[in-house]
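Protein chains: 2
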Amino acid sequence: MNDRPTRIPQYQYLYESLRQQIIRGDFKSGDLLPSEKDLQNQFRLTQPTIRQALGLLVQDGYIRKHQGKGSIVQPLPIGLGVMSIVGRLANTANTSRAERMSTTILTKPRLHSFPEDFLFTPTEEDTKAGFYYLERLRAVDEEPVFFEKVSLPNRYLPGFSRQRLENRSLFDLLRTKYGLLVKGGEQKVLAVAADGDLARQLGVTMGSPVLRLDKRLDTNRPDFSFYSSLYAKTDRYILHGRF
Amino acid sequence: MNDRPTRIPQYQYLYESLRQQIIRGDFKSGDLLPSEKDLQNQFRLTQPTIRQALGLLVQDGYIRKHQGKGSIVQPLPIGLGVMSIVGRLANTANTSRAERMSTTILTKPRLHSFPEDFLFTPTEEDTKAGFYYLERLRAVDEEPVFFEKVSLPNRYLPGFSRQRLENRSLFDLLRTKYGLLVKGGEQKVLAVAADGDLARQLGVTMGSPVLRLDKRLDTNRPDFSFYSSLYAKTDRYILHGRF
DNA sequence: TGCAACAACTTATTATAATAAGTTTCGGAT
DNA sequence: ATCCGAAACTTATTATAATAAGTTGTTGCA
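So the sequences go chain by chain: A and B.
The working numbering numbers the first residue of the first sequence as 1 and each following residue consecutively.
The working numbering numbers the first residue of the second sequence as 1 and each following residue consecutively.
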């Protein structure tokens, strides 16, 4: 019996709530989350609902569950998302926070047709409406690591080109401003040789191997998906994910 | 009230059952799976149990669910697993079956210490027990695509070195012979330049970009994880996954 | 002191039920 | 013939309940 709009499911609300508490540091790495029974009492929800939210946290790598023991908070990787960066060598000393990562917008969001070399094909409706296109360069400790091209369909996004994206997760913006939650998607991974432009952006020599990760990201709105093409320099930082 | 051992959960049994029917072709791409209500009656299970099994099928990319419509069977990618190969260009005409893919064992399973250049670190217990180590080369249409190194802890695997792995999924062997189900894991992805040995195995020139995917695969037995290091030539086939 | 059994916790699995919401179909009114 | 709307389907979400099984800590006995 909350006065929140009933449109967002309880388990998503709980997921976000716990997720924020982990990110803010209320729960630190190694902590035990409140038991499912405690969460039931605290949020007035039942066990399956609690479990669905905790299942999402497991899937995204925030916690790890152990039968008879509890839900253990995992260390936060640098950069939060489906795949994130992690230091290549030392698996230890990973307590570093996301503050070391900075984002630079190379091209402000502008309307554009769908890029030709993407590995996914958008729907006809999206193609007709056109896309917001932007390029971002992400760096860890001033060293460029990611070069990303993003295409978002020109629908449901009023005033998007006026949004500031510096040092802010695109996911968070879509969630907080437009109520769009990424619920899944499809990805294709390959290794390519850096061409001149890419080599300059990432600061590598031409022809050196670069990771390319293309994604289609599906949201809670069935007819809204957007696309990302990511180029990663993986000599010091590599892509990391759970499944 | 089945006479099956109650140790494997109903939702896993149902998942496997439906999965096999999809792989065998009983359900083809584009088909609608029986409705949740039909499955309830057929398997004498309740909706949440059905939904849990269908959720796994969605996660693994076998089906796609649409509210008010049903569960639609997706085209089978070549190679089944957490990440699979898919043709690089044509998204169409993907009705090809797994028969085009062949597997060659380069080194038979033998006991070995844990490889040094792996990106994961095994537990102390596993290190002491030693590992089965094997190398596989996977090809599509006679063209080598994957070169994979696998390390399995020398525990719970009696007679493993006598098993035949040609043209058979390692996952299937572990599941059917040893009751081990892969339930999740962790992966690290990077792009590397092919050295002499790798270039020869995959048939590429030295220094050309190759995808490297290291995985730790966790099973239903909490103390049993194994490790895979995969090198992929991604000029014609690329790695594909859902999330 | 050391250990085994037990109690009290935890998560895991499954069942049953009710309501909400999206999709398709079909019939009637225009 | 076309359009609109209700009915009949579908999946989505949440609630409640019971039992199983793993973990931890404690208690009491040897």
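Even glycine gets a Cβ: it sits at the ideal position worked out from N, Cα and C.
No experiment lies behind these values; they were computed from the predicted model shown.
Which partner residues of residue i appear in the DSSP bridge assignment?
i: L230 (chain B); result: B:E148, B:L213
i: T49 (chain B); result: The partner list for T49 (chain B) (beta bridge, DSSP) is empty, contrary to what the question assumes.
i: E143 (chain B); result: B:V140
i: R242 (chain A); result: B:E186
i: Y15 (chain A); result: The partner list for Y15 (chain A) (beta bridge, DSSP) is empty, contrary to what the question assumes.
i: Y132 (chain A); result: A:L111, A:L152
i: L32 (chain A); result: A:I72
i: I105 (chain B); result: B:R136
i: D38 (chain B); result: In the DSSP output, where bridge partners are listed per residue, D38 (chain B) has none listed.
i: S225 (chain B); result: B:D218
Answer yes or no: do residue i and residue j have a C-beta to C-beta separation smaller than 8 Å?
i: I72 (chain A); j: G30 (chain A); result: yes
i: R110 (chain A); j: S161 (chain A); result: yes
i: R175 (chain B); j: V140 (chain B); result: no
i: L152 (chain B); j: F226 (chain B); result: yes
i: L32 (chain A); j: L57 (chain A); result: no
i: L165 (chain A); j: I85 (chain A); result: no
i: A194 (chain A); j: V182 (chain A); result: no
i: T107 (chain A); j: R138 (chain A); result: no
i: V145 (chain B); j: A232 (chain B); result: yes
i: S35 (chain A); j: G70 (chain A); result: yes
i: F114 (chain A); j: T127 (chain A); result: yes
i: N154 (chain A); j: Y132 (chain A); result: yes
i: R221 (chain B); j: L180 (chain B); result: yes
i: S228 (chain B); j: L217 (chain B); result: yes
i: A191 (chain A); j: A199 (chain B); result: no
Exposed or buried, residue i, counting other C-beta atoms within 10 Å across all chains shown (16 or more means buried)?
i: A53 (chain A); result: buried
i: K251 (chain B); result: This structure cannot settle anything about residue 251 (chain B), because the visible part of chain B is limited to 1 through 243.
i: R242 (chain A); result: buried
i: I50 (chain A); result: buried
i: M206 (chain A); result: exposed
i: A129 (chain A); result: exposed
i: L76 (chain B); result: buried
i: H240 (chain B); result: buried
i: K215 (chain B); result: buried
i: L14 (chain A); result: buried
i: I22 (chain A); result: buried
i: K28 (chain B); result: exposed
i: T234 (chain A); result: buried
i: R97 (chain A); result: At R97 (chain A), the pLDDT of 48 sits below 50, so the modelled position is not reliable and the matter cannot be decided from this model.
i: G25 (chain B); result: exposed
i: E148 (chain B); result: buried
i: G185 (chain B); result: buried
i: I238 (chain B); result: buried
i: T46 (chain A); result: exposed
i: T121 (chain A); result: exposed
i: D172 (chain B); result: exposed
i: D117 (chain B); result: exposed
Can you name the start and end residues of the alpha helix (DSSP H) that residue i belongs to?
i: Q67 (chain B); result: Counting along the chain, Q67 (chain B) falls outside any alpha helix (DSSP H), and DSSP gives it neither H nor E.
i: R164 (chain A); result: First-last for R164 (chain A): undefined, no H or E at that position.
For residue i, name the three-state secondary structure that DSSP assigns.
i: A90 (chain A); result: Only weak support exists for where A90 (chain A) lies, its pLDDT of 44 falling under 50; the value from the coordinates is given anyway. A90 (chain A): coil per DSSP, three-state reduction.
i: A199 (chain A); result: helix
i: I8 (chain A); result: coil
i: V192 (chain A); result: strand
i: L157 (chain B); result: coil
i: T219 (chain A); result: strand
i: L56 (chain B); result: helix
i: D26 (chain B); result: coil
i: D117 (chain A); result: coil
i: T176 (chain B); result: helix
i: T123 (chain B); result: coil
i: R97 (chain B); result: With a pLDDT of only 49 at R97 (chain B), under the threshold of 50, the placement of this residue in the model should not be trusted, and no figure is reported.
Could you tell me if the beta carbon of residue i falls within a distance shorter than 7 Å of some heavy atom in the ligand ZN?
i: K215 (chain A); result: No copy of the ligand ZN occurs in the structure displayed, which carries no ligand at all.
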